[in-house]
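Working notes, structure below.
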Amino acid sequence: MGKKIVVAGVGMTSFVKPGQNEAYPVMGVKAINMALEDAGLDYDKIQQAYAGYVYGDSTCGQRVLYEVGMTGIPIVNVNNNCSTGSSALFLARQAVESGVVDCALAVGFEQMTPGALADVWTDRPSPLGKFNNLTDELTQDFTSPMAIKMFGGAGLEHQRKHGTKDETFAKIRAKASSHAVHNDKAIFRKEISVEDVMESPKMTSLLTRLQCCPPTCGAGAAIVCTEEFAKKHGIDASVVIVGQAMTTDFGSTFDMNDMMRVVGYDMTAAAAQQVYEQTGIGPEDVDVAELHDCFTVNELITYEGLGFASEGGAEKFIWDAENTYGGKVVTNPSGGLLSKGHPLGATGLAQCYELVNQLRGNSGKRQVEEAKTALQHNLGLGGACVITMYQAA
0 MGKKIVVAGV GMTSFVKPGQ NEAYPVMGVK AINMALEDAG LDYDKIQQAY
50 AGYVYGDSTC GQRVLYEVGM TGIPIVNVNN NCSTGSSALF LARQAVESGV
100 VDCALAVGFE QMTPGALADV WTDRPSPLGK FNNLTDELTQ DFTSPMAIKM
150 FGGAGLEHQR KHGTKDETFA KIRAKASSHA VHNDKAIFRK EISVEDVMES
200 PKMTSLLTRL QCCPPTCGAG AAIVCTEEFA KKHGIDASVV IVGQAMTTDF
250 GSTFDMNDMM RVVGYDMTAA AAQQVYEQTG IGPEDVDVAE LHDCFTVNEL
300 ITYEGLGFAS EGGAEKFIWD AENTYGGKVV TNPSGGLLSK GHPLGATGLA
350 QCYELVNQLR GNSGKRQVEE AKTALQHNLG LGGACVITMY QAA
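Mind the numbering: the sequence shown is residues 0 to 392 in numbering that gives the first Met the number 0, read in order.
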């Protein structure tokens, strides 16, 4: 990145169970208005908008944004599976950094249905067809929904390589619950134990139900701008994006017969390395992180992909409590996807909301003490990974 980009404003609705939600235009508008209020800006100052969602017809972004204002600006609809929200943020940041605009908006929203994710268009080839076929070849684990089967297989792969205990994965879910107690926007706020996690119904030979994030509905938004624009409009410029990278799959995803690679380990490692090189910030410098914990497995393997732990070192990292308050890097202080749920288009912008407020010192009882540097990791199968580095200016 050539210059710092100010995060001018953020907004996020509470995440709720499908069926308890408002319609997606209502949720999206609420998140945008929160971000505008946070930034102290009127909508007519926004010069481009990027709207992220997965489940919806074309131009849902316009349907949402027209409720806020109709100013004729470019509105780009973004669909990048579970990394959709961060992909919208990536594009908004890129537009500002390139000098095309001074101020851009990213919004993400999702109105989901209950149950595991499934293909909507069944009369044509699935974009995940190759992933699904390889997963079926490499795993013989329950007749599970495919995403659960994929990440369950990745966990078994980590166990085969490093002897990781089942309880280690469960410990991640217990940690998430202890963080979410103080997050009124999370769907699950009750603290649970490792034993509670282990005793919940089995979804695969490794994963229990409590180790899988639920589908939820919600919205998030972020406004980014140049430092000059922030100064001109009296915007709080205390949080900036100092590095960001997006990666997609490599040949290793399919060539190595390794379920950790199938679920994006190499995308994560490559994006992280790009951001560390852009910023001169290493994993040892990160105070707080929001990681894509769609399953406990993904949080564990991501510790290693990001360099928070050495290869095979995630188990010790977890049992030494280096992933929580008082440890090396407080991971998912929001409670993560495991506690908030996962409205696909909104997730990446909800992560942004959490980290910006952490760096501003506005997170109340879940505030990470003296947080100055934050890392965001958002992963989608199919695939894309976006990593963003924030700093308190």
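Ideal placement from N, C-alpha and C gives every residue a C-beta, glycine not left out.
Could you give the C-beta distance for A464 and A7, rounded to a whole number, given that I count them as a contact under 8 angstroms?
-> The chain is shown from 0 up to 392; residue 464 falls before or after that span and cannot be answered.
Any idea which residues DSSP pairs C224 with across the strands?
-> Beta-bridge pairing links C224 to V5 and C102.
CB-CB length for Q110 against P73, believed under 8 angstroms | 24 angstroms between Cβ atoms; not a contact.
Do you know whose CA, among Y389, S338, I240 and C212, lies nearest A115's CA?
-> Checking every option, the nearest Cα to that of A115 belongs to C212.
Can you grab the Cα-Cα spacing for the pair K310 / E303, in whole Å?
-> As written in the sequence, residue 310 is Glu, which differs from the Lys given in the question. Going by C-alpha positions, E310 is about 5 angstroms away from E303.
Can you list, in chain order, the residues of its chain whose CB lies under 6 angstroms from that of T246, leaving out five sequence neighbours each side?
-> Closer than 6 angstroms at Cβ, skipping near neighbours: M266, A269, A270 and C384.
Go ahead and label A91 buried or exposed: buried means 16 or more other beta carbons lie within 10 angstroms of its beta carbon, across all protein chains shown.
-> By the 10 Å Cβ count, A91 comes out buried.
Touch test, the stretch 361-371 against the stretch 234-246, Cβ-Cβ under 8 angstroms, three pairs minimum = In this structure the stretch 361-371 does not touch the stretch 234-246; the number of beta carbon pairs closer than 8 angstroms is below three.
Would a C-beta distance cut-off of 9 angstroms place N80 and G335 closer than the cut-off?
-> Contact flag unset, no.
Under the assumption that Y274 contacts I386 (Cβ atoms under 8 angstroms), give the Cβ distance between them as a whole number of angstroms.
-> Rather than Tyr, the amino acid found at residue 274 in this sequence is Val. Going by Cβ atoms, the distance from V274 to I386 rounds to 5 angstroms, so yes, they are a contact pair.
Sequence-distant residues of the same chain with beta carbon closer than 6 angstroms to T169, five excluded per side | Just to set this straight, residue 169 is Ala in the shown sequence, not Thr. The residues are V193, V196 and M197.
Helix, strand or coil at N76 [DSSP, three-state] | N76 falls in the strand class under three-state DSSP.
Report the rounded CA-to-CA distance for K3 versus M202, giving the unit in angstroms.
-> So the two alpha carbons sit approximately 44 angstroms from each other.
Does the stretch 328-346 come within contact of the stretch 167-184, defined as at least 3 CB pairs closer than 8 angstroms?
-> Output reads yes: the stretch 167-184 touches the stretch 328-346.
Selection from F187, S204 and L133 that minimises the alpha carbon distance to K164 = Residue S204 is the option with its Cα nearest to K164.
Exposure label - D56; buried when at least 16 CB within 10 Å = Looking at its Cβ environment, which holds fewer than 16 other Cβ atoms inside 10 Å, D56 is exposed.
V106 beta carbon less than 9 angstroms from that of A94 = The Cβ atoms of A94 and V106 do not sit closer than 9 angstroms to each other.
Starting from M245, trace the beta strand (DSSP E) both ways and give me its first and last residue.
-> The continuous beta strand (DSSP E) containing M245 extends over residues V238 to T246.
Run of the alpha helix (DSSP H) containing C377, from where it starts to where it stops | One point to set straight first is that residue 377 is Asn, not Cys, in the sequence displayed. First-last for N377: T372 to G379, but that is the beta strand (DSSP E), not the alpha helix (DSSP H).
4-residue-minimum alpha helix (DSSP H) runs that sit fully inside the stretch 161-240, ordered along the chain = List check, alpha helix (DSSP H) in window: 165-179, 193-198 and 226-231.
To the nearest angstrom, report how far apart A38 and P124 are at their CA atoms.
-> The straight-line gap from Cα to Cα measures roughly 43 angstroms.
Is A153 closer than 9 angstroms to Y264 when the C-beta atoms are compared?
-> Yes.
Can you list, in chain order, the stretches of the beta strand (DSSP E) that have 3 or more residues and sit fully within the stretch 301-368?
-> Qualifying beta strand (DSSP E) stretches: none in this window.
Nearest to F89 by alpha carbon, out of D118, F108 and A50?
-> Of the listed residues, the one whose Cα sits closest to F89 is A50.
Among the residues of its own chain, which have a CB less than 6 angstroms from the CB of T167, if the five just before and after it don't count?
-> If you ignore the 5 residues before and after T167, its C-beta comes within less than 6 angstroms of the C-beta of E314 and I317, all in its own chain and listed in chain order.
Can you give the Cα-Cα distance for G138 and K148, rounded to whole angstroms?
-> The displayed chain sequence assigns Thr, not Gly, to residue 138. Using only the alpha carbons, I get a separation of about 8 angstroms.
When the Cα atoms are used, what is the spatial distance from Q210 to D292?
-> Taking the straight line from one Cα to the other gives about 9 angstroms.
In terms of residues, what are the limits of the beta strand (DSSP E) holding C384?
-> A383 to A391 is the extent of the beta strand (DSSP E) around C384.
Between G326 and the rest of its own chain, which residues show a CB-CB distance below 8 angstroms, the 5 nearest in sequence each way excluded?
-> Once the five neighbours on either side are set aside, the close Cβ partners of G326 are D319 and A320.
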